[in-house]
Structures are given as structure tokens and as C-alpha cells.
Amino acid sequence: DGGITQSPKYLFRKEGQNVTLSCEQNLNHDAMYWYRQDPGQGLRLIYYSQIVNDFQKGDIAEGYSVSREKKESFPLTVTSAQKNPTAFYLCASSSPPGTNTEAFFGQGTRLTVV
Amino acid sequence: ILNVEQSPQSLHVQEGDSTNFTCSFPSSNFYALHWYRWETAKSPEALFVMTLNGDEKKKGRISATLNTKEGYSYLYIKGSQPEDSATYLCALNFGNEKLTFGTGTRLTIIP
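So the sequence lines, in the order shown, correspond to chains Z and A.
Using this note's numbering, read the first sequence as starting at 1 and increasing by one per residue.
Using this note's numbering, read the second sequence as starting at 115 and increasing by one per residue.
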């Protein structure tokens, strides 16, 4: 079945460690996005990529990094520079790039930093 | 800052009743409005993408309207069923390749 797969579903890390969240899609979508959700807030955009080997910062990119070496994959690294990394992270994709077409979402990764 | 406001924040509705909630946004720089339904433990799923002032869209018992001049959209659910329980997200494209999300309306249907 076509869709977006995020792994793992739950992730625990010690403070000061970098951690990479996986996002894979088999929808042949050009655009991919990473969002973060905190209690009482809407989804906030971390990074997005409209095409392979290119990506742009979203509204809250500090402390995060991404890569887009393959169309299917858009991993997100939460670095030790991210001051408050504990959150729920959602990956999405759409095609064609742009936001007049619906986005498809993964099931999310809940990251807890202790 | 371009804010997207959703109201109410949460809502309890008796099964069989109809309900509606609101998404408000700055009317300038509007390109498109999205509605998503997000059930617990699942992924958000698109309901509608709307681009034209006066647009009305319908999917089964759910419909939505759009007024870009005054900056709001309504989502209506007719004859609520338990499976309608979810968080409903509104998101706006203000022409900058990004979607700005509201905080959502959490709907609970009481059997």
C-alpha cells in the first residue's frame, strides 16, 4: 500500500545526544515536510523539501537538520542544540510541490529526551 | 505573523446532532485552505482543499464553506456519529509554499 512510514513510533534519548527520525514515502511525491506538535499548539513547520537535494528552513528550524538524498526519504536529525526537543513529530508529503494539493501524513514519532 | 484561529478548542456533541466549527484567518494573501481530520493514533487525513471564495465542498455528512473576503471557513457535520470523533485541523497557504496550521477543534461524539 502507498503511504508514509515514520519510525520509530516512540523514541527515548538522553539529553545532549543527537537523534535521527526516519520518514519514507512510496507515493512518488516531490515535496516532503517535517512538523512538530506541542500541547496546545498547532503543527509548526521545521523543514521542507520541494525536490531532491534541496530543502528550506521552516518556522522553527533551529536545532534541527535534514537531508534529501533520495525522493523517498527525508530524515530529520534533532541535534543537541535543540533546547526543547521533547515533542511529537509528523512527516508529510505532497505532489506536485506547493500547498494547493492535499498533504499526506505519517503516524508520527513521539520523542522524549530525558 | 499570519495566524490561523480555530474555535471552539473542543466540543462535545450528542450522537445524531449536527455541529459546526470555525477557522478564521487574515483575508489578505490567501491562496488555499485545507481541512484535515485527525483521529487518535492515526495520521491526519485530508477532507477538503478549497481555493475560491464562496467555495462549498461536501464529503458524505461533512461539508465546508469558504469566505476569503471576511477570512473564515466553516466545517459542518450533519447527524454526528461516534466515528466523527477526532481533531479537525485547518491549515492555510498564504502563498509562501508553506501550510500554517490552527490548533484544531477536538470533537467528541457522545453515544
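Cβ coordinates follow ideal geometry from the N, Cα and C atoms, glycine included.
List, in order along the chain, the chain Z residues whose C-beta lies closer than 7 Å to that of F139(A)?
-> The residue given as residue 139(A) occupies position 25 in the second sequence. Per Cβ cutoff of 7 Å: no residues; F139(A) is ~12 Å from chain Z at best.
Between the region 2-9 of chain Z and the region 57-71 of chain Z, do at least 3 Cβ pairs fall closer than 8 Å?
-> Touching, no, given that fewer than three Cβ pairs across the two stretches are closer than 8 Å.
Cβ-Cβ separation, G216(A) to G42(Z) (assumed contact under 8 Å), whole Å | Numbered from 1 along the first sequence, position 42 holds the residue referred to as residue 42(Z). Numbered from 1 along the second sequence, position 102 holds the residue referred to as residue 216(A). That belief holds up - the Cβ atoms of G42(Z) and G216(A) are roughly 5 Å apart, short of 8 Å.
Proximity test, Cβ basis, 8 Å: G218(A) and chain Z | In the second sequence, counting from the first residue as 1, residue 218(A) sits at position 104. At least one C-beta of chain Z is nearer than 8 Å to the C-beta of G218(A).
Leaving aside the five residues before and after S80(Z) along the sequence, list all residues of the same chain whose C-beta is less than 7 Å from its C-beta, in chain order.
-> Within the first sequence, the letter at position 80 stands for residue 80(Z). Here the set comprises G16, Q17 and N18.
Using a cut-off of 7 Å between C-beta atoms, extract the partners of S157(A) located in chain Z.
-> In the second sequence, the residue the question calls residue 157(A) occupies position 43. F105, G106 and Q107, listed in chain order.
Could you tell me which chain Z residues have their CB closer than 9 Å to the CB of K192(A), listed as they occur along the chain?
-> Within the second sequence, residue 192(A) is the residue found at index 78, counting from 1. None at all; the shortest Cβ gap to chain Z is about 22 Å.
Measure from the C-beta of A146(A) to each C-beta in chain Z and report whether the shortest distance is under 8 Å.
-> The residue you call residue 146(A) lines up with position 32 of the second sequence. Answer yes: the Cβ-Cβ gap between A146(A) and chain Z drops below 8 Å somewhere.
Would you report the Cα separation of K133(A) and Y64(Z), rounded to the nearest angstrom?
-> Your numbering for residue 133(A) matches position 19 in the second sequence. Your numbering for residue 64(Z) matches position 64 in the first sequence. Note on identity: in this sequence residue 133(A) is Thr, with Lys being the wrong assignment. Those two C-alpha atoms are separated by around 40 Å.
For chain A, is any of its Cβ atoms less than 8 Å away from the one on N28(Z)?
-> Stepping through the first sequence from its first residue, residue 28(Z) is reached at position 28. At a cut-off of 8 Å between C-beta atoms, N28(Z) does not count as an interface residue with respect to chain A.
Assess, as a yes-or-no matter, whether the region 115-135 of chain A is touched by the region 196-215 of chain A under the definition of 3 or more beta carbon pairs within less than 8 Å.
-> Look at the beta carbons and you see the region 196-215 of chain A touching the region 115-135 of chain A: at least three pairs across the two are nearer than 8 Å.
Range of the contiguous beta strand (DSSP E) that encloses Y188(A) | Numbered from its first residue, the second sequence carries residue 188(A) at position 74. Residues Y186 to I191.
Three-state class that DSSP yields for D131(A) in the structure shown = Residue 131(A) sits at position 17 when you count from the first residue of the second sequence. Secondary structure of D131(A) (DSSP, three-state): coil.
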